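Just so we're aligned, residue 240 is where the sequence shown starts under the numbering used here, counting upward by one.
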Amino acid sequence: MKRRKLTARNADINRLYEESVQCTEFEVSFINKLFKRYNKTKCKSLREDFCASALISSEWVRHNKDNIAIAVDLDRAMIKEAKNTALSRLSSEQQKRIKICYGDSSKFNTDKVDCILATNFSYFVFKQRKKLIDYFKHAYKQLKNRGIFMLDAFGGYEAHQLLEERTKHKNFTYIWDQSSFNPITHEIKCHIHFEFPDKTARKRAFTYEWRLWMLPEIQECLKEAGFTKVDVYMQGWNDKKNEETERFYKVTKCDADPAWVAYLAARK
Ligand SMILES: C[S@@+](CC[C@H](N)C(=O)[O-])C[C@H]1O[C@@H](n2cnc3c(N)ncnc32)[C@H](O)[C@@H]1O
């Protein structure tokens with residue numbers, strides 16, 4: 240059967256988002272690797288904050304039959320959609336090991352877990368230092384002893400620039416649009432647009448109004464919230480291909496690249 244061409248009318252923007260910015264296999268294996276390195280045991284329970292379509296949680300329960308996941312997001316429509324998607328992605332046994340919940344990640348209480356994950360810079364939504372620390376304190380409370388809180392961050396001088404970055408996929412183009420940045424407050428506004436081969440587009444499919452937190456600030460706030468140790472992992476670079484690698488390295492010093500993505504692993 241001929242596959243229907245993707246257009247602005249028939250595209251499911253949540254699937255396009257997942258394809259453009261998420262890599263669940265990487266995320267799951269990185270969590271497993273770090274948890275084993277720090278604790279010499281397996282990570283079993285995961286809480287995915289700001290979960291959107293709960294893709295990582297779904298992958299987590301699929302990955303191992305002992306794994307459980309709790310996914311939390313503050314968008315009711317997204318939670319409804321995530322539940323439906325999980326039904327289609329997971330077996331009935333796997334569905335029993337995932338909970339997808341509507342709630343504010345900075346307040347929502349669940350059973351304590353081994354790992355809390357906040358990806359794609361979602362916690363940048365907390366613009367005041369107190370709000371950020373309150374969220375980190377809450378994450379701390381929701382972790383078991385020796386639990387790990389994993390979050391990502393981006394920066395470099397290009398993060399301060401107004402720019403559009405286009406990435407071509409097979410059936411659509413993903414556009415990351417940094418549309419405003421205020422150096423005084425570090426407030427940043429970004430949009431995601433999608434364009435299709437028939438020249439139609441879904442402009443501003445997603446919009447984020449964040450504060451661009453810097454790595455020293457994030458580390459300080461994590462420590463202030465109670466975390467004993469915070470490690471920074473920077474993405475590797477392949478000189479030959481002139482692109483990022485899929486590996487992240489624990490470092491305390493690195494080059495001032497124009498654009499970088501890092502992970503932070505904060506230990507309870
Ligand atoms: C950038 S998306 C992140 C999606 C996903 N975590 C990822 O890695 O791609 C941000 C998500 O955070 C959610 N969100 C914003 N504020 C929130 C809050 N206080 N608590 C929980 N979810 C929130 C939004 O509804 C949205 O789905």
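Glycine included, each C-beta is placed from N, C-alpha and C at the ideal position. What you are looking at is a predicted structure, and each value in this text was computed from that prediction instead of being measured.
What's the call for residue i, buried or exposed, on a 16-neighbour Cβ count within 10 Å?
i    : result
Y396 : exposed
R286 : buried
A464 : buried
M453 : exposed
S361 : buried
L326 : exposed
D288 : buried
R486 : exposed
R559 : The structure shown does not extend to residue 559, since the chain is modelled only from 240 to 507, so the question has no answer here.
Q400 : exposed
R336 : buried
Per DSSP, which residues does residue i bridge with? Please list them.
i    : result
H399 : Answer is none; H399 lacks a bridge partner.
N477 : E482
I414 : R405 and H432
S419 : K428
E264 : DSSP lists no partner for E264.
Quick one: measure Cβ to Cβ for residue i and residue j, integer angstroms, because I've assumed they're closer than 8 Å.
i    : j    : result
C340 : V364 : Not confirmed; about 18 Å, so no contact.
F445 : R506 : About 32 Å separates the two Cβ atoms, so there is no contact after all.
E258 : H430 : That pair is no contact at about 17 Å.
G475 : E483 : 7 Å
I295 : A392 : Between A392 and I295 the Cβ distance is about 17 Å, and since that is not below 8 Å, they are no contact.
Going by C-alpha distance, which of the options is nearest residue i?
i    : options                   : result
S345 : Y374, K366 and I309       : Y374
M389 : V260, K335, N271 and R254 : N271
Q367 : K442, S297 and R450       : R450
P422 : R443, F274, K407 and A398 : A398
L402 : G394, D416 and K409       : D416
I387 : A378, L255 and T412       : A378
S284 : W299, A293, K275 and Y277 : W299
P455 : Y502, R328 and Y447       : Y502
E509 : I355, L329, K462 and N323 : Residue 509 is absent from the structure shown; the chain starts at 240 and stops at 507.
S292 : T324, D478 and D470       : T324
T280 : R385, V490, A504 and P436 : R385
K380 : K319, S330, D350 and K468 : D350
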